[in-house]
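A.B. asks: This is the structure, below, for whatever I ask next.
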Amino acid sequence: SSDLLTISTRPLVLDRAQLAALAAVPNVRAVEPRSSFGGRVYVGERRAFAQVLGIADFTSQQVNVVHVASGVAPETGAVLTDVQNTRQGLLSVQAGQSVRIIAANGAVRSLQVSGEGRNLDGGQTVTSDGVIVLYATPATVASLSQTPGYDELFFTLADTRPAAVNATIAAIRRTLATVPGYTGFTDLPQVRTAGEWPGKSSFQNLEKFWK
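With my numbering applied, the sequence shown has no gaps in its numbers, which climb one by one up to 194 at the end.
Put into structure tokens, the structure is as follows:
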């Protein structure tokens, strides 16, 4: 396992060539893009806070991996439910059932559950913040948020000494500057050691959707 660098931006549509350019930045071992939607999901007739995370390719993740614990990876229009959702008593659903999520435009979307997923960050968001976490394709997330693109980039780095990290962040910023729509980082870049959780940052990122 390696140290993890997290870069947050406004949603950016990145193609394979652009992701390859990010992966080719000196000192970067691997990069994983992720999209997110913060909103509400129905639990019975009650509405609860939820975060839906878009995974670019469930079969070839390298960084901050979401593991399929049971069932199958979701296709567009479906979700994995984090294993902690049930354990914490927030949302008990199984493969074949569905969840109702309120999209950004107010429409209620019914998404089928394809199985359960496990991820360190996601599980901590459930247990620490009481937020339901679901995993989906980027297309599903975009259909909920009405905004396509990735808003988080996870990098593993070869050299995690401060000077090397700062140089890598500067090189990532230069690479992203060539992407249409890039306006800078929306949060301070975060570096943490393997297994560490970035506290409440995921919860704070959600707040921008709720205000």
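Ideal placement from N, C-alpha and C gives every residue a C-beta, glycine not left out.
1) Where does residue 272 fall in DSSP's three states?
2) Within its chain, find whatever has a CB closer than 7 Å to the CB of residue 158; leave out the 5 residues flanking it on each side and keep chain order.
3) In this structure, does DSSP put residue -14 in helix, strand or coil?
4) Decide yes or no for the touch test of the segment 53 to 65 against the segment 75 to 82: beta carbon pairs closer than 8 Å, at least 3 of them.
5) Could I get the ranges of all uninterrupted beta strand (DSSP E) runs contained in the segment 62 to 126, with 3 residues as the minimum, in chain order?
6) Around the C-beta of residue 272, are 16 or more other C-beta atoms found within 10 angstroms, so that it is buried, or is it exposed?
7) Would you list the residues sitting across from residue 59 in a DSSP beta bridge?
8) Helix, strand or coil for residue 145, going by three-state DSSP, please let me know.
9) List the endpoints of the continuous alpha helix (DSSP H) containing residue 1.
10) Tell whether a beta-carbon distance below 8 Å holds between residue 117 and residue 47.
11) Among 82, 99, 131, 135, whose alpha-carbon lies nearest the alpha-carbon of residue 32?
C.D. replies: In short:
1) Residue numbering for the chain in the displayed model covers -16 to 194; residue 272 lies beyond these limits and cannot be assessed.
2) 4, 5, 8
3) coil
4) yes
5) 81 to 85, 91 to 101, 115 to 119
6) The requested residue 272 does not occur in the structure, where the chain is confined to residues -16 to 194.
7) Its beta-bridge partners do not exist; DSSP assigns none.
8) helix
9) -1 to 6
10) no
11) 82
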